[in-house]
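Engineer:
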Amino acid sequence: MYVFFRINYIYSLYQCNQAAFFSLILIMLLDYKNQTYIS
4 MYVFFRINYI YSLYQCNQAA FFSLILIMLL DYKNQTYIS
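See below:
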């Protein structure tokens with residue numbers, strides 16, 4: 004459920020600002036890396 008809301012938020016952000024969308028993708032990739040390291 005959390006992932007769905009995150010994707011929905013990203014999609015709405017993408018429509019508003021593409022630069023913010025790409026920066027958010029980078030943040031999410033880093034966040035995903037951190038989660039895999041922790042677990």
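Residues in the sequence shown are numbered from 4 upward in steps of one, following my numbering.
Using N, Cα and C, we set each Cβ at its ideal position, and we do this for glycine too.
1. Would you report the Cα separation of TYR35 and ILE28, rounded to the nearest angstrom?
2. Under the assumption that PHE24 contacts LEU33 (Cβ atoms under 8 Å), give the Cβ distance between them as a whole number of angstroms.
3. Please classify ASN20: does DSSP put it in a helix, a strand, or coil?
4. Verify the CB distance criterion: does ASP34 have a CB-CB separation below 8 Å to chain B?
Structural biologist: Per the coordinate set shown:
1. CA-CA distance, TYR35 to ILE28, rounds to 10 Å.
2. Not quite, the Cβ-Cβ distance comes to about 15 Å (not below 8 Å), so this is no contact.
3. DSSP places ASN20 in coil when its eight states are reduced to three.
4. Any reference to chain B falls outside this structure, which holds one protein chain only.
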